[in-house]
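Before any comments, here is the structure.
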Amino acid sequence: MAGALRFARWALAPLRRWVARSWQQDDPWERLPYAAKAQAFGVGSVHPFPWYFEGESAVDVSCLDDICAWLMQCTYVRDPELFNESDFWQHPRTFERLRQGDCEDHAIWAWRKLVELGLDAELVSGTWQPPNTSADGHVWVRFRQDSMEYIFESVARTREQIVRPFSEAKAEYIPHAGVDREFRQHTYAGYLRAPK
Amino acid sequence: MEAKLNAEREHRLRIARPDDVAELQALIDTSVRALSVHFNTPQQIESALRYVFGVDTQLIADETYYVIESGGVIVAAGGWSRRRTLFGGDQHKSADDPELDPTREPARIRAFFVHPAFTRRGLARRLFDECAAAARAHGFASMQLGATLPGQPLYEALGFSAIESIEVPMPDGEVLPVVRMSRDLEIR
């Protein structure tokens, strides 16, 4: 049975690629009906996503402002400088200890904390192009609260820059892959814009 | 004696730093996968790497974790602790890791990992000697650890005795056997 499924998946792969290419790409935030593998989030994404929720956090937060305040005391450091690695994704407890890391380290910590607060939060990888800069690979969080949707920009330095209404910020972001609070992984239409 | 001195020059021991974390994680993965095969099932090994084994950055922050480098590459690591946690990396820890009372509690020996290409060269013993001296200097009179099955013979050779078998349940249903071991620290 498993062999038949594998064969069917292999046989249908060209059709799947054709559908993906033909998909309406007007909105990069449109979800495609394909699961994204963990590796699609980044070279350093080597653990299943539930791993980032293992163990107990040593940082207590009770609201969104607590999460922002804690992150604002952390330092952005690229992986080659911090670990001599091109891409290394820290466990949130490690990040709590080091208080240094790059975008995914900040974002994964924030994602876990938002989920622990009971919010519908999703970790997203893709590219980010703030005004007057060039686009670069990035990881951030998208969440919903009180029927409003927001982007949580965990490497920003002010509360206003960290939590931005989705409608206002979305144009700066091209999402490629996302994972929700139930660890369901999906691909965004923005992935099809990415250079292959 | 000269051979020992050469070995010590070749293998440099130093305190672990935060920027070692990624390299240490890779060493742990390699060491556990290679050295556990005759003691644990493949499922136990993968589950333990996911849920139990990893870098405990508290040890690095406390400057009680050491690495041994060969040619600039970390080939062995291990440490001791003045805190309660007996074993496990950051992903296994509880929120608090309180300090032990050296007058009535044993220090911990923590997270010894040796690259499979560098076993049986005395690296673990060298790490242990460093740990024992530091723990003794902090006033501890005994040490305890949680040994995996592949690690148990090493710790027996270092003078530890088994005092309790522990079964560590992991979230995916696998169970990791661990042996609590202890030994006294000689007063020098």
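If you read the protein sequences in the order shown, they are chains A and B. Taking the numbering used here, the leading residue of the first sequence gets 1, the next gets one more, and so forth. Taking the numbering used here, the leading residue of the second sequence gets 1001, the next gets one more, and so forth. In this text, a Cβ means the ideal position worked out from N, Cα and C, and glycines have one as well. As the structure is a prediction and not an experimental result, all values here were calculated from the model.
- Within the segment 1015-1028 of chain B, those residues whose Cβ lies closer than 7 Å to any Cβ of chain A are, in chain order, Pro1018, Asp1019, Val1021, Ala1022.
- Contact between Leu1127(B) and Ala1076(B) holds: their C-beta atoms lie close to 6 Å from each other, under 8 Å.
- Closest in alpha carbon position to Pro1106(B), among Ile1015(B), Ser1182(B), Val1021(B), is Ser1182(B).
- Counting along the chain, no alpha helix (DSSP H) covers Gln145(A); the unbroken beta strand (DSSP E) around it starts and ends at 136-145.
- Assigned with DSSP and collapsed to three states, Glu1164(B) falls in strand.
- Listed in chain order, the non-local C-beta contacts of Arg112(A) below 8 Å within the same chain comprise Tyr52, Phe53, Ser57, Pro92, local neighbours out to five positions each way being set aside.
- The continuous beta strand (DSSP E) containing Leu1145(B) extends over residues 1142-1148.
- Bounds of any beta strand (DSSP E) do not take in His106(A); it lies within the alpha helix (DSSP H) bounded by 103-116.
- For Phe95(A), the secondary structure class from DSSP, reduced to helix, strand or coil, is helix.
- Within the segment 1037-1058 of chain B, the residues whose Cβ lies closer than 8 Å to any Cβ of chain A are, in chain order, Arg1050, Tyr1051, Gly1054, Val1055, Thr1057, Gln1058.
- Rounded to whole angstroms, Ala121(A) and Ile151(A) show a C-alpha spacing of 10 Å.
- The C-alpha of Glu1156(B) is placed about 38 Å away from the C-alpha of Arg99(A).
- Within chain B, the residues Val1021, Val1055, Thr1057, Asp1090 have their CB atoms less than 8 Å from the CB of Thr94(A), given in chain order.
- Between the segment 1159-1171 of chain B and the segment 39-49 of chain A there are fewer than three inter-stretch CB-CB distances shorter than 8 Å, so the stretches are not counted as touching.
- Cβ neighbours of Asp79(A) within its own chain (closer than 6 Å, five residues either side excluded): Glu85, Asp87, Phe88, Asp102.
- Not one beta carbon of chain B lies nearer than 7 Å to the beta carbon of Leu71(A).
- Here the segment 1037-1049 of chain B makes no contact with the segment 170-186 of chain A; the two share fewer than three CB pairs at distances below 8 Å.
- Nearest Cα to Pro1150(B) within the set Phe1087(B), Pro1177(B), Arg1012(B), Pro1098(B): Pro1177(B).
- Under the Cβ criterion of 7 Å, Leu123(A) is not counted among the residues facing chain B.
- Residue range 173-179 is occupied by the beta strand (DSSP E) that includes Ala177(A).
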